[in-house]
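Protein chains in written order, with my numbering: chain A, 223 to 440; chain B, 223 to 440.
The C-beta atom is built at its ideal place from N, Cα and C for all residues, glycine as well.
Since this is a predicted model, take the numbers as computed values, not measurements.
Below: one structure, written as structure tokens.
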DNA sequence: ATCCATTTTTAGATAAGTCTAAAAATATTT
DNA sequence: AAATATTTTTAGACTTATCTAAAAATGGAT
């Protein structure tokens with residue numbers, strides 16, 4: 223159906239479109255795909271022929287409904303594989319992206335349906351990002367940064383913003399993982415630090431941490 | 223390291239070399255890879271440059287030690303993924319080949335090491351073919367066709383020769399799977415049919431079946 | 001409104017992998 | 001051993017996806 227290169231363009235244009243829904247620029251696409259603007263122009267013209275996006279010279283690019291669906295399906299595959307790598311093969315959150323980047327292009331509807339079942343229909347990937355259903359529909363989550371919470375509020379950890387290895391080890395030490403319930407006890411307006419509670423233990427954490435942790439509020 | 227096309231050539235030349243260890247012909251390679259002889263020549267010349275095989279014009283091709291190792295590693299990945307698909311995702315034996323054909327090209331040493339562990343270090347794939355170790359060494363199995371067994375001999379089913387869907391259903395009905403112990407009670411020299419025993423049940427099976435089932439003798 | 005910087009596109013080139021058609025080498029038959 | 005058939009290689013062309021360099025369009029700033 224679509225080549226590996228085409229799939230990568232579709233997926234990345236989808237992500238860019240979230241940030242600029244009015245249309246994605248050629249330069250933005252080129253930068254995201256680590257290629258030259260001239261290459262992006264060529265590919266975008268080819269994809270427009272295939273009716274997965276609309277392209278107006280010098281104006282920009284927008285995915286069609288069909289294009290969005292195809293892109294969402296690639297993202298679905300990527301995130302399901304990430305869950306597999308972390309849950310079943312015990313990879314760390316930050317080690318899975320490159321491998322999932324390859325696995326997302328494996329062609330088989332049946333495979334993905336079975337993988338989904340095997341993983342017990344997860345709704346988010348190891349970074350807390352939502353996994354679209356097989357029709358490409360996202361259930362948008364109420365994911366927000368921990369720093370946005372007020373004292374007495376409680377959230378469930380659903381992901382991290384930047385998954386650096388050091389940061390993940392830091393979280394491990396405090397028993398913070400996906401699904402962990404975090405309550406805010408105090409919040410300091412001067413340096414934006416927080417005192418939080420996890421399973422009867424209290425921790426003091428800095429701004430750097432609160433702005434890197436996503437939580438879902440009930 | 224090697225492109226997808228290169229990996230496919232290496233893997234298939236490896237298989238062909240098992241049948242003709244003195245050298246593989248260009249036509250045989252082309253046929254196996256479903257391509258034209260001229261394309262095979264081009265690729266073989268390129269791979270000779272990379273020292274994974276020796277090629278003598280008009281004479282044929284032989285993998286180098288290095289080439290064999292690379293090919294064996296691709297086969298290792300293919301067979302491990304097949305085990306995963308059957309054992310974990312409940313695919314049938316005959317449904318997994320195409321998908322494994324894609325998965326075998328995923329690039330990550332770590333992934334394969336973890337997958338191997340997760341599957342508890344299997345020694346054969348769902349078809350009973352041996353899985354080489356990470357150095358590319360095959361432990362050759364005493365796999366033989368059921369038809370070669372004599373009355374009173376017992377073997378453990380390790381695979382099938384041709385995994386047609388009908389045949390697998392036939393086996394299912396008689397509770398024959400990988401690991402099933404089969405004892406030969408009688409053998410008819412006229413039509414090569416057999417009477418066999420499986421867990422206190424006896425079955426009458428024809429030549430067509432005995433020549434499609436691989437068993438390992440203790 | 002003109003000039004300038006930036007963005008975007010076009011034109012032409014390259015590399016990988018394939019193809020067809022024709023030429024060359026090898027194998028087989030008589 | 002010559003003629004014929006088969007196998008294999010070479011030469012040149014095509015497609016996909018990329019690049020560089022140059023041209024064209026756009027958007028501000030003055």
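inquiry  = Restricting to Cα atoms, I'd like to know which of 345(A), 365(A) and 274(A) is closest to residue 359(A).
reply    = 345(A)
message = Quick check on the DSSP output: the beta strand (DSSP E) that includes residue 377(A) runs from which residue to which?
response = 376–382
inquiry  = Against chain A, which members of the region 326–352 of chain B pass a CB distance test of less than 9 angstroms?
reply    = 327, 328, 329, 330, 332, 333, 336, 337, 339 and 340
ask   = Once you ignore the five residues that flank residue 286(A) on each side, which residues in its own chain have a CB closer than 7 angstroms to its CB?
value = 273, 274, 275 and 276
request  = Would you please state the rounded distance, in angstroms, between the beta carbons of residue 409(A) and residue 438(A)? I believe it to be under 8 angstroms.
outcome  = Contact doesn't hold; Cβ gap of about 19 angstroms is too wide.
key: Limits of the unbroken beta strand (DSSP E) element including residue 438(A)   = 435–439
key: Contact under 8 angstroms by Cβ, residue 282(B) with residue 247(B)   = yes
query = Quick one: Cα of residue 334(B) to Cα of residue 295(A), how far?
reply = 25 angstroms
ask   = What is the DSSP secondary structure of residue 419(B), counted as helix, strand or coil?
value = strand
task = Could you spell out where the beta strand (DSSP E) holding residue 284(A) opens and where it closes?
result = 282–285
key: Residue ranges of each alpha helix (DSSP H) within the region 305–372 of chain B, 4 or longer   = 319–325 and 331–340
In DSSP terms, what residue 297(B) is bridged to = DSSP output for residue 297(B) lists no bridge partner at all.
inquiry  = Which residues in chain A have a C-beta closer than 8 angstroms to the C-beta of residue 202(B)? List them in chain order.
reply    = Look at the range of chain B in this structure, 223 to 440, and you will see that residue 202(B) is not part of it.
message = Quick check on the burial criterion: 16 or more other C-beta atoms within 10 angstroms. Buried or exposed for residue 241(B)?
response = exposed
ask   = Considering only residues of the same chain and omitting the five flanking positions on each side of residue 301(A), which have a CB-CB separation below 7 angstroms?
value = 347, 351 and 353
request  = Could you please give me the residues that DSSP links to residue 404(B) through a beta bridge?
outcome  = 377(B)
Sub-8 angstroms separation of residue 299(A) and residue 320(A) beta-carbons = no
As assigned by DSSP and simplified to three states, the class of residue 268(A) = helix
query = Just curious, the alpha helix (DSSP H) that residue 428(B) is in, first and last residue?
reply = Here residue 428(B) belongs to no alpha helix (DSSP H), and DSSP marks it neither H nor E.
query = Are there 16 or more other CB atoms within 10 angstroms of the CB of residue 280(B), so buried, or fewer, so exposed?
reply = exposed
ask   = Can you tell me where the alpha helix (DSSP H) with residue 278(A) in it begins and where it stops?
value = Segment 275–278 is the beta strand (DSSP E) holding residue 278(A); no alpha helix (DSSP H) there.
key: Beta-carbon contacts of residue 227(B) that lie in its chain and below 8 angstroms, excluding the five residues immediately before and after   = 265
task = Determine the direct distance from the alpha carbon of residue 338(A) to that of residue 382(A), and round the result to whole angstroms.
result = 23 angstroms
key: Same chain only: Cβ atoms within 6 angstroms of residue 425(B), ignoring 5 sequence neighbours per side   = 396 and 418
ask   = Within 8 angstroms (strictly less), CB to CB, does residue 239(A) reach chain B?
value = no
query = Nearest chain A C-beta to residue 321(B) closer than 8 angstroms, yes or no?
reply = yes
request  = Taking residue 398(A) and residue 420(A) to be in contact with their CB atoms under 8 angstroms, please state how far apart those CB atoms are, rounded to whole angstroms.
outcome  = 7 angstroms
request  = Put residue 409(A) into one of helix, strand or coil per three-state DSSP.
outcome  = strand
query = Using CA coordinates, which residue listed in 304(B), 254(B), 313(B) and 233(B) is at the minimum distance from residue 269(B)?
reply = 233(B)
key: Counted within 10 angstroms of its Cβ, other Cβ atoms place residue 407(B) as buried (16 or more) or exposed   = exposed
message = Any beta carbon of chain B sitting closer than 8 angstroms to that of residue 324(A)?
response = yes
key: As assigned by DSSP and simplified to three states, the class of residue 248(A)   = helix
task = Can you tell me which of the three DSSP states residue 263(A) falls into?
result = helix
ask   = Roughly how many angstroms lie between the CA atoms of residue 365(A) and residue 403(A), to the nearest whole one?
value = 14 angstroms
Closest by C-alpha distance to residue 229(B), when choosing among 324(B), 368(B), 416(B) and 411(B) = 324(B)
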